[in-house]
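Everything on this sheet refers to the single structure shown next.
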Amino acid sequence: MTATIIDGKAIAARFLAGAAAEAAALAAEGWAPRLVSISVGDVAAAELYVRNQSRQAAAAGVAFEARNYPAGISLEQLTGVLAGLNADPRVNGIIIQRPLPAHIPVKALQKAVHPLKDVEGMHPASIGNIVYNDLALGPCTAVAAVEILKTLPLSVQGLDVTVIGHSEIVGKPIAFLMMGLGATVTVCHHMTRQVAVHSRRADAVFVAVGKPGLVTGEMLKPGAALIDIGINRVEDRTVGDADFASCAEVAGWITPVPGGVGPVTVATLMKNAVLATRMQMTHYRQAFAAAE
Amino acid sequence: MTATIIDGKAFAEKVRGQVAAHVARLKADHGITPGLAVVLVGEDPASQVYVRSKGKQTVEVGMASFEHKLPADTAEADLVALVQRLNADPEVHGILVQLPLPSHLNSDLVINTIDPAKDVDGFHISNVGLLGTGQKAMVPCTPLGCLMLLRDHLGSLSGLNAVVVGRSNIVGKPMAQLLLGDSCTVTIAHSRTKDLPAVCRAADILVAAVGRPEMVKGDWVKPGATVIDVGINRVERDGKTKLVGDVDFASAAAVAGAITPVPGGVGPMTIACLLANTLTACCRANGLAEPEGLTA
Chain X
42 MTATIIDGKA
52 IAARFLAGAA
62 AEAAALAAEG
72 WAPRLVSISV
82 GDVAAAELYV
92 RNQSRQAAAA
102 GVAFEARNYP
112 AGISLEQLTG
122 VLAGLNADPR
132 VNGIIIQRPL
142 PAHIPVKALQ
152 KAVHPLKDVE
162 GMHPASIGNI
172 VYNDLALGPC
182 TAVAAVEILK
192 TLPLSVQGLD
202 VTVIGHSEIV
212 GKPIAFLMMG
222 LGATVTVCHH
232 MTRQVAVHSR
242 RADAVFVAVG
252 KPGLVTGEML
262 KPGAALIDIG
272 INRVEDRTVG
282 DADFASCAEV
292 AGWITPVPGG
302 VGPVTVATLM
312 KNAVLATRMQ
322 MTHYRQAFAA
332 AE
Chain R
773 MTATIIDGKA
783 FAEKVRGQVA
793 AHVARLKADH
803 GITPGLAVVL
813 VGEDPASQVY
823 VRSKGKQTVE
833 VGMASFEHKL
843 PADTAEADLV
853 ALVQRLNADP
863 EVHGILVQLP
873 LPSHLNSDLV
883 INTIDPAKDV
893 DGFHISNVGL
903 LGTGQKAMVP
913 CTPLGCLMLL
923 RDHLGSLSGL
933 NAVVVGRSNI
943 VGKPMAQLLL
953 GDSCTVTIAH
963 SRTKDLPAVC
973 RAADILVAAV
983 GRPEMVKGDW
993 VKPGATVIDV
1003 GINRVERDGK
1013 TKLVGDVDFA
1023 SAAAVAGAIT
1033 PVPGGVGPMT
1043 IACLLANTLT
1053 ACCRANGLAE
1063 PEGLTA
């Protein structure tokens, strides 16, 4: 075993402490951050996430309200709910829990969240800002993965990075965030002919596909950083997309699953919550300064 | 010389022909005429040439062309008000604000005032994000033109290794998104990339968009690769001004399977795609099927 195991929980704790200090400062100005979580229908599916987010919010000094709507609610009713939350100055961030019932298209809801309250970083304008290298509220998992890489003693300028998986919420934003930092990025996916050719060239590999054991040690360049974003249930165990044992023999750094990207993702949500609150406070003061 | 020369001029003419045929059908079947509004602020000579050329081609395909020429000292509020009027005008399906704007105007603010559905340049932050998340968007014209040329020449792009050299907001980044959308494995290289020639040599599709004359040499090109040269650089050669691309054409053409020349490659596609985008915007605005083969 040669790889240093990256302690996601320790990074998350640092982020949460920073968020808590910022939340306290905002609260002192009358802007205590508050999140609203929306789930629809089957509560059980999202329950684990909601409970975890609620606990981390408490740790970060962010108020957290979990709302559940019946499975039969229409898209129009839900976008109406969102319009209300967008207009409510006491709500600073909106989380849309997945899965949603089949008749509710998730993208339609994400677009209905005001970009200043988009703590999940899923609004097209939030993604557009990332592409234009102007990160404010980014998608939490992608931002967490990149933040983890930034804690390593690697110079990101000119770093060869391979991203395996080109999902809209993880793979693609990671690619654009890393490119913005000066890395040379290659994006692989299910149509890529030889992933190993690309991954073996990389100083850092991000994998976010949802296939256990997809990345093995012989696919890595010795000493590379491996950030594993996969979360898969295999025989009652949670594993990532990497074959941890063989990858840890070759990599220089590796994130474990669980305990790697996961906790940093939730901490990033809290960082976004306080950032969103500050942006709203600034926006509000600019818009209404004359009236105050 | 082994490479097939990709004739962008001929292909652009074909695209304009397809657009014109669609426009004629829209008029005949639905009584709709697609309209493109172009806003020019100031008297930049290059911009004036572009705007004239755009207006002429818009009319040639049967669309309505609305030109708004404003003085260089136009106030930002007046320009924003004009854009808002055009947003509300049902005759206008596409709005293009010619860049660069005079320095006292905030281009981001003006571009983001355009209704994303009418943003035929594809520069509105929402369109950037929609493209980034694989949703229906207005796609920037130059990379859309490159994609059309590639599809026309190669058929399916799925599984091919594509390298985009250059990470600009208007070409490199959207090009990478479009190639990912067509299932290429995409590498975005740039000035900080280590061993750029080796990265380029891995490419089945090589798109050069850096703005450096003849930077990409023949020995950077994998034999048989398709090379798309987006660069347009003016250089002095033997006392004369000459247009060259980002690719050293002579040496690259000896190795590549196909290559776009400069001029006459990607260049003519840009306005053709602007017209295609205006048509697409018009179809979407009227709830009609999008023109096949003219979108991403």
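Each protein sequence line maps, in turn, to chains X and R. Mapping of the first sequence onto this note's numbering: residues 42 to 333, in sequence order. Mapping of the second sequence onto this note's numbering: residues 773 to 1068, in sequence order. Note that CB positions come from ideal geometry on N, CA and C, so glycine has one too.
{"Asked": "Taking the alpha helix (DSSP H) that Tyr90 of chain X falls in, what are its first and last residues?", "Found": "84-100"}
{"Asked": "Quick check on Leu881 of chain R: buried or exposed, where buried means 16 or more other Cβ atoms within 10 Å of its Cβ?", "Found": "exposed"}
{"Asked": "Report the residues of the segment 1037-1054 of chain R with a CB closer than 8 Å to any CB of chain X, ordered along the chain.", "Found": "none"}
{"Asked": "What residue from R:Gly1011, R:Val811, R:Leu842, R:Thr776 has the CA that sits closest to Gly827 of chain R's CA?", "Found": "R:Val811"}
{"Asked": "Sorted by chain position, which residues of the same chain lie with C-beta nearer than 7 Å to Val91 of chain X's C-beta, five sequence neighbours on each side aside?", "Found": "Ser78, Ser80, Ala107, Gln138"}
{"Asked": "Who does Tyr110 of chain X pair with in a DSSP beta bridge?", "Found": "X:Val81"}
{"Asked": "Report the CB separation of Ala775 of chain R from Ala1022 of chain R in whole angstroms; it is logged as a contact under 8 Å.", "Found": "In fact, because the Cβ distance is near 11 Å, the residues do not count as touching under 8 Å."}
{"Asked": "Going by DSSP, which residues form a beta bridge with Leu193 of chain X?", "Found": "Bridge partners of Leu193 of chain X: none, in fact."}
{"Asked": "Excluding five sequence neighbours on each side, which residues of the same chain lie with their C-beta closer than 6 Å to the C-beta of Met320 of chain X?", "Found": "Leu157"}
{"Asked": "Would you call the segment 44-64 of chain X and the segment 285-293 of chain X touching, i.e. three or more CB-CB distances under 8 Å?", "Found": "yes"}
{"Asked": "For Trp294 of chain X, which beta-bridge partners are listed by DSSP?", "Found": "X:Thr45, X:Ala266"}
{"Asked": "If we call anything under 8 Å between Cβ atoms a contact, is Thr957 of chain R one with Thr227 of chain X?", "Found": "yes"}
{"Asked": "Could you spell out the range, first to last residue, of the alpha helix (DSSP H) harbouring His794 of chain R?", "Found": "780-802"}
{"Asked": "Mind listing which residues of the segment 927-957 of chain R have their C-beta closer than 7 Å to chain X's C-betas, in chain order?", "Found": "Ser930, Gly931, Arg939, Asn941, Lys945, Leu952, Ser955, Thr957"}
{"Asked": "Cα separation between Val813 of chain R and Pro874 of chain R?", "Found": "7 Å"}
{"Asked": "For Gly866 of chain R, return the contacting residues in chain X, with the cut-off set at a CB-CB distance below 9 Å.", "Found": "Ordered by position in chain X, no residue passes the 9 Å Cβ test against Gly866 of chain R, which lies about 19 Å from the chain."}
{"Asked": "Below 8 Å, can you find three or more Cβ-Cβ pairs linking the segment 834-848 of chain R to the segment 897-912 of chain R?", "Found": "no"}
{"Asked": "Only counting runs of 3 or more residues, tell me where the beta strand (DSSP E) segments fall wholly within the segment 909-985 of chain R, in order along the chain.", "Found": "933-937, 957-961, 977-980"}
{"Asked": "I'd like to check one pair, Val298 of chain X with Ala245 of chain X: are the Cβ atoms closer than 8 Å?", "Found": "no"}
{"Asked": "Between Ala889 of chain R and Ala1061 of chain R, which are expected to be in contact by the criterion C-beta below 8 Å, what is the C-beta distance as a whole number of angstroms?", "Found": "Not quite, the Cβ-Cβ distance comes to about 16 Å (not below 8 Å), so this is no contact."}
{"Asked": "Which residues of the segment 310-329 of chain X have a Cβ closer than 8 Å to any Cβ of chain R? Give them in chain order.", "Found": "none"}
{"Asked": "May I have the straight-line CA-CA distance separating His230 of chain X from Arg96 of chain X, to the nearest angstrom?", "Found": "34 Å"}
{"Asked": "Along the chain, where does the alpha helix (DSSP H) that runs through Asn133 of chain X open and close?", "Found": "No alpha helix (DSSP H) contains Asn133 of chain X, which DSSP labels as neither H nor E."}
{"Asked": "Verify the CB distance criterion: does Thr306 of chain X have a CB-CB separation below 8 Å to chain R?", "Found": "no"}
{"Asked": "How about Val103 of chain X and Thr309 of chain X: are their beta carbons less than 8 Å apart?", "Found": "no"}
{"Asked": "Can you list the residues of chain R that Cys229 of chain X reaches, using a CB-CB cut of under 8 Å?", "Found": "Thr957"}
{"Asked": "Any C-beta of chain R sitting closer than 8 Å to the C-beta of Thr120 of chain X?", "Found": "no"}
{"Asked": "Return the first residue and the last residue of the alpha helix (DSSP H) that Ile215 of chain X is part of.", "Found": "212-221"}
{"Asked": "Please look up how many angstroms separate the CB atoms of Arg939 of chain R and Met220 of chain X, rounded, as I've assumed it's under 8 Å.", "Found": "6 Å"}
{"Asked": "Would you mind giving the Cβ-Cβ distance between Leu76 of chain X and Phe56 of chain X, rounded to the nearest angstrom? I have them listed as a contact below 8 Å.", "Found": "With a Cβ gap of about 16 Å, Leu76 of chain X and Phe56 of chain X do not count as contacting."}
{"Asked": "Under a CB-based cut-off of 8 Å, is Ala166 of chain X close to chain R?", "Found": "yes"}
{"Asked": "Evaluate contact between the segment 901-913 of chain R and the segment 1008-1023 of chain R, counting only Cβ atoms and requiring at least three cross-stretch pairs below 8 Å.", "Found": "no"}
{"Asked": "If we count Cβ pairs, one from each stretch, closer than 8 Å, do we get three or more for the segment 967-974 of chain R versus the segment 904-919 of chain R?", "Found": "no"}
{"Asked": "Unbroken beta strand (DSSP E) runs of length 3 or more, entirely within the segment 988-1039 of chain R: which are they?", "Found": "998-1001, 1005-1009, 1012-1016"}
{"Asked": "Please tell me whether Ser898 of chain R has its Cβ less than 8 Å away from any Cβ of chain X.", "Found": "yes"}
{"Asked": "Using the rule of at least 16 other Cβ atoms within 10 Å of the residue's Cβ for burial, across every protein chain shown, is Gly1065 of chain R buried or exposed?", "Found": "exposed"}
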